[in-house]
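S.K.: This structure is in structure tokens; I'll ask about it shortly.
Protein chains: 4
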Amino acid sequence: MKVEVKVRSYDFDPLGVTHFLSYFRFISEAFEELMEAAVRRKAMPKPGVRLKAVEVFGVSLPITKAECRYLAPTRFGELLEVKPELEELQPSHLTIKYKISRKSNGQLVAEARTRHVAVDKSWRRAEIPGELVEIVENLLEDRAEGET
Amino acid sequence: MKVEVKVRSYDFDPLGVTHFLSYFRFISEAFEELMEAAVRRKAMPKPGVRLKAVEVFGVSLPITKAECRYLAPTRFGELLEVKPELEELQPSHLTIKYKISRKSNGQLVAEARTRHVAVDKSWRRAEIPGELVEIVENLLEDRAEGET
Amino acid sequence: MKVEVKVRSYDFDPLGVTHFLSYFRFISEAFEELMEAAVRRKAMPKPGVRLKAVEVFGVSLPITKAECRYLAPTRFGELLEVKPELEELQPSHLTIKYKISRKSNGQLVAEARTRHVAVDKSWRRAEIPGELVEIVENLLEDRAEGET
Amino acid sequence: MKVEVKVRSYDFDPLGVTHFLSYFRFISEAFEELMEAAVRRKAMPKPGVRLKAVEVFGVSLPITKAECRYLAPTRFGELLEVKPELEELQPSHLTIKYKISRKSNGQLVAEARTRHVAVDKSWRRAEIPGELVEIVENLLEDRAEGET
């Protein structure tokens, strides 16, 4: 799975450099696409209907840690590809690693991570359902699916 | 009432010009300060407690229209003053006008407006309570209060 | 031309309503796509190369006014279509109107406008080149092109 | 040095939880205040004039890594205090740690870090000037200065 994002006019700092904040915007979009694809694969909602992960899998996955290393600058209008990978899996935690590359030449521009804890509808810690893990792993390995 | 805002590093476009979006961020903050001050004046909550307008006045005021005219560029780190005024008042609508000026020399850099409709807890159209209007008018006329 | 945008997790207010700011984000993206398409149609840069409008047409089009009317709420993950139209054209000004609709059923959720002034490389007012107008008009009328 | 920030209406996710992105906004503001205070202490510019760090110290400090751990949720309108500390200092790198706490009761809600590399005007790696380190250390230890 790869998620395409674009450097927008509102992503800049006063020097015309893409702001460090925006890379977290990019991985936020990638994680949203991943969870949306997982929900769709399990529940196949009707067009226009959007189910939440917590409704379909019984858990949601709030972020407990986020980080990003910056490797190369990006430019206005540039298309980037965010490739998420499952880096760590524990009963109630998981860490996703994101490789952010230029679409034009594949150059890695940033590497990020989000760590998530599984919580149930009442925000109590929960186990990550095996079915969710399996679907996520399949989606992440899939080269075609999930591109937007 | 004047609300001080600051042009931040994340407010820029690729040319190093403050993004047109950010002026809506500035007036959003000014409106938040106005409503927070109105709630405080009526309800005097304990420190650390934050009541919503709808809890205190029975209505909230979602935005139905927003606009901004751009008159002069602003720079990174610049302090701006947003001065809200009540421009139009109808039974269930009001329009607030915002003059955005440089703190350093008073130069007007943008002029904006938000139009609001009053809705009750169930998001049905409601009348704006006279008490809320009175408090807002007093706050807006007050030169000292509400500065942050 | 229609530009597809998506309501993201970072687009919300404390009540879970899409923030009024985000609709300006959506039209910013639509205008960026329009200008990028105009540049591509005129200059056909190599892949990975991104020319600025001012380099290709001799003018850039900073925003002098922006406005948005909000008609219906939108939901997390919802796909919206932004359809720009040329509403007003003067020698050195133009106004673009944006109809923002749900992709699922075409319902109009917001209507926005941006007014632009043409400036040259030194930020002096300039005339909008006839060629730019023609390309923009062709792009806006085109039902297929410019979709992302 | 402590920098006060406020959770704004545009800081939320669809569930009404402060978005993980916004904590990077908060530390961005804290770092901006720190650098602005350092520049002021060295150069004492006239009111309304804002010098860049690179003009005053010969280096700027772009971010090479950013991270945040999330410990407790925050609410709309809540005042937070960001307390930066110098965690690591090397000839051309430094790491700043940020403790983000509720102003009302001091509870720690997040802990973040930014790592910076010193570069000169041509974006070549440079040594961090001793004078800049000294000023930053003084500012960070100062309990009063730098509050906004």
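Chains as they are written, first to last, in this note's numbering: chain A, 219 to 366; chain B, 219 to 366; chain C, 219 to 366; chain D, 219 to 366.
Glycine included, each C-beta is placed from N, C-alpha and C at the ideal position.
#1: With a threshold of 7 Å on Cβ separation, who are the neighbours of A/R226 within its own chain once the five nearest residues in sequence on each side are excluded?
#2: Looking at the structure shown, is B/L252 part of a helix, part of a strand, or coil, going by DSSP?
#3: Please tell me whether A/K224 and A/V272 are closer than 8 Å, where the distance is taken between their beta carbons.
#4: Do you know whose CA, among D/F249, D/F294, D/E254, lies nearest D/I281's CA?
#5: My guess is that C/L298 and C/I346 are in contact by the Cβ rule of under 8 Å, so how many angstroms apart are they, rounded?
#6: Can you give the Cα-Cα distance for A/V267 and A/L326, rounded to whole angstroms?
#7: Going by beta carbon distance, what residues of the same chain come within less than 8 Å of D/L252, once the five residues before and after it are set aside?
#8: Looking only at its own chain, which residues have a Cβ that is under 7 Å from the Cβ of B/F244, when we skip the five neighbours before and after it?
#9: To test your reading of the DSSP string, which unbroken beta strand (DSSP E) runs of 3 or more residues are found completely within the stretch 284-340 of chain C?
#10: Quick check on DSSP: helix, strand or coil for A/R343?
#11: By Cβ distance below 7 Å, which residues in the same chain neighbour B/A328 in space, the five residues on each side in sequence not counted?
#12: Taking the alpha carbon of A/S246 as the reference point, which residue from A/E352, A/M262, A/A330 has its own alpha carbon closest?
#13: Along chain C, which residues have their Cβ under 7 Å away from the Cβ of D/Y316?
#14: What is the residue span of the beta strand (DSSP E) that B/V277 lies within?
#15: If the criterion is Cβ atoms closer than 8 Å, does the pair C/L269 and C/A336 meet it?
#16: For A/D231 and B/L239, I'd like the C-alpha separation in whole angstroms.
#17: Using 8 Å as the limit for Cβ to Cβ distance, is C/K224 near chain B?
#18: Check the C-beta distance from D/L350 over to D/F294 and give it rounded, since I have them as a contact under 8 Å.
#19: Give the single residue among C/K264, C/T292, C/V277 whose Cα lies nearest to the Cα of C/H237.
#20: In or out: A/K283 buried (at least 16 other Cβ within 10 Å) or exposed?
#21: Once DSSP output is grouped into helix, strand and coil, what is the label at C/K270?
#22: Under the three-state reduction of DSSP, which class applies to B/K224: helix, strand or coil?
#23: Could you tell me the distance, in whole angstroms, from the CA atom of B/K321 to the CA atom of C/R333?
#24: Determine the chain D residues that contact C/Y288 at a beta-carbon separation under 7 Å, and present them in chain order.
#25: Where does the unbroken alpha helix (DSSP H) through D/G348 begin, and where does it stop?
#26: In whole angstroms, what separates the C-alpha of C/Y316 from that of B/D229?
#27: Can you confirm whether B/S319, when its beta carbon is compared against all beta carbons of chain D, has any partner nearer than 8 Å?
#28: Output the distance between the C-alpha atoms of C/W296 and B/W341, rounded to the nearest integer angstrom.
#29: How should C/V235 be labelled, buried or exposed, when 16 other C-beta atoms within 10 angstroms of its C-beta is the threshold for buried?
#30: Only counting the same chain, and skipping five residues up and downstream in sequence, which positions put a Cβ closer than 7 Å to that of C/T366?
#31: What residues from chain A crowd round C/R258, counting only those whose CB sits closer than 8 Å?
#32: Comparing alpha-carbon positions, which option in A/K264, A/A255, A/E254, A/R259 lies nearest C/N323?
#33: Can a CB atom of chain C be found closer than 8 Å to the CB of A/S240?
#34: What is the C-beta distance between A/V257 and A/A344, in whole angstroms, given that I count them as a contact (C-beta under 8 Å)?
#35: Using the Cβ count rule (16 or more neighbours within 10 Å means buried), how would you classify D/E254?
M.R.: In this structure, then:
#1: Reading the first sequence from its first residue, position 8 is the one you call residue 226 of chain A. Cβ neighbours of A/R226 beyond the five flanking positions: none.
#2: Locating residue 252 of chain B in the second sequence gives position 34, counting from the first residue. The answer is helix: DSSP assigns B/L252 an H, G or I state.
#3: For this step, residue 224 of chain A is matched to residue 6 along the first sequence. For this step, residue 272 of chain A is matched to residue 54 along the first sequence. No. Outside cutoff.
#4: The residue you call residue 281 of chain D lines up with position 63 of the fourth sequence. Out of D/F249, D/F294, D/E254, D/F249 has the C-alpha closest to the C-alpha of D/I281.
#5: In the third sequence, residue 298 of chain C corresponds to position 80, counting from 1. In the third sequence, residue 346 of chain C corresponds to position 128, counting from 1. No, C/L298 and C/I346 are not in contact; Cβ-Cβ is about 28 Å, not under 8 Å.
#6: Position 49 of the first sequence, counting from 1, holds the residue named residue 267 of chain A. Position 108 of the first sequence, counting from 1, holds the residue named residue 326 of chain A. Their backbone Cα atoms lie some 35 Å apart in a straight line.
#7: Position 34 of the fourth sequence, counted from the start, is the residue given in the question as residue 252 of chain D. Closer than 8 Å at the Cβ level, and outside the excluded window around D/L252, lie M219, V221, P302, I314, V354, L357, L358, G364.
#8: Counting from one through the second sequence, the residue named residue 244 of chain B turns up at place 26. Closer than 7 Å at the Cβ level, and outside the excluded window around B/F244, lie V223, L298, V300, I318.
#9: 297-307, 311-320, 326-335
#10: Numbered from its first residue, the first sequence carries residue 343 of chain A at position 125. In the structure shown, A/R343 sits in a strand (DSSP, three-state: E or B).
#11: Position 110 of the second sequence, counting from 1, holds the residue named residue 328 of chain B. Contacts found: Y241, C286, R287, Y288, L289, I318.
#12: Position 28 of the first sequence, counted from the first residue, corresponds to residue 246 of chain A. Ranking A/E352, A/M262, A/A330 by Cα distance to A/S246 puts A/A330 first.
#13: On the fourth sequence, residue 316 of chain D is found 98 positions in, with the first residue counted as 1. The contacting residues do not exist; D/Y316 stays about 20 Å from chain C at best.
#14: Translated into positions along the second sequence, residue 277 of chain B becomes position 59. Counting along the chain, B/V277 falls outside any beta strand (DSSP E), and DSSP gives it neither H nor E.
#15: As a first step, residue 269 of chain C is located in the third sequence; it is residue number 51 there, counting from the start. As a first step, residue 336 of chain C is located in the third sequence; it is residue number 118 there, counting from the start. Result no, Cβ atoms of C/L269 and C/A336 do not sit closer than 8 Å.
#16: By 1-based counting over the first sequence, the position of residue 231 of chain A is 13. By 1-based counting over the second sequence, the position of residue 239 of chain B is 21. Using only the alpha carbons, I get a separation of about 14 Å.
#17: By 1-based counting over the third sequence, the position of residue 224 of chain C is 6. No - not a single Cβ of chain B is within 8 Å of the one on C/K224.
#18: The residue given as residue 350 of chain D occupies position 132 in the fourth sequence. The residue given as residue 294 of chain D occupies position 76 in the fourth sequence. About 37 Å separates the two Cβ atoms, so there is no contact after all.
#19: Taking the third sequence and counting its residues from 1, one reaches residue 237 of chain C at position 19. The residue with the shortest Cα to Cα distance from C/H237 is C/T292.
#20: Within the first sequence, numbered from 1, the residue matching residue 283 of chain A stands at position 65. With 16 or more other Cβ atoms within 10 Å, it is buried.
#21: Along the third sequence, read from residue 1 onward, the residue named residue 270 of chain C stands at position 52. Coil, per DSSP.
#22: Indexing the second sequence from 1 puts residue 224 of chain B at position 6. Three-state DSSP puts B/K224 in a strand.
#23: Stepping through the second sequence from its first residue, residue 321 of chain B is reached at position 103. Stepping through the third sequence from its first residue, residue 333 of chain C is reached at position 115. Approximately 27 Å, taken between the alpha carbons.
#24: Mapped onto the third sequence, residue 288 of chain C falls at position 70. What C/Y288 touches in chain D: nothing, since even the nearest Cβ is about 14 Å away.
#25: Taking the first residue of the fourth sequence as 1, we reach residue 348 of chain D at position 130. Where D/G348 is concerned, the enclosing alpha helix (DSSP H) stretches over 348-359.
#26: Residue numbering aside, residue 316 of chain C sits at position 98 when the third sequence is read from its first letter. Residue numbering aside, residue 229 of chain B sits at position 11 when the second sequence is read from its first letter. C-alpha separation (whole angstroms): 23 Å.
#27: By one-based count along the second sequence, residue 319 of chain B stands at place 101. Closer than 8 Å: no.
#28: If you number the third sequence from 1, residue 296 of chain C lands on position 78. If you number the second sequence from 1, residue 341 of chain B lands on position 123. Trp is not the amino acid found at residue 296 of chain C; the sequence shown has Glu there. Cα to Cα, the separation comes out at about 21 Å.
#29: Here residue 235 of chain C refers to the residue found at position 17 of the third sequence. By the 10 Å Cβ count, C/V235 comes out buried.
#30: By one-based count along the third sequence, residue 366 of chain C stands at place 148. Residue confidence is low: C/T366 scores 45 on pLDDT, short of 50, so the model does not pin down where it sits. Its coordinate-derived value is still stated next. Here the set comprises V221, E222, E251.
#31: On the third sequence, position 40 is the one that residue 258 of chain C refers to. Going along chain A, no residue has its Cβ under 8 Å from C/R258, so there is no contact; the nearest lies around 11 Å.
#32: The count along the third sequence starts at 1 and reaches residue 323 of chain C at position 105. Answer by Cα proximity: A/K264.
#33: Stepping through the first sequence from its first residue, residue 240 of chain A is reached at position 22. It does not: the Cβ of A/S240 has no partner Cβ on chain C nearer than 8 Å.
#34: Position 39 of the first sequence, counted from the first residue, corresponds to residue 257 of chain A. Position 126 of the first sequence, counted from the first residue, corresponds to residue 344 of chain A. At roughly 17 Å, the Cβ-Cβ gap does not stay under 8 Å, so A/V257 and A/A344 are not in contact.
#35: In the fourth sequence, counting from the first residue as 1, residue 254 of chain D sits at position 36. So D/E254 ends up on the buried side.
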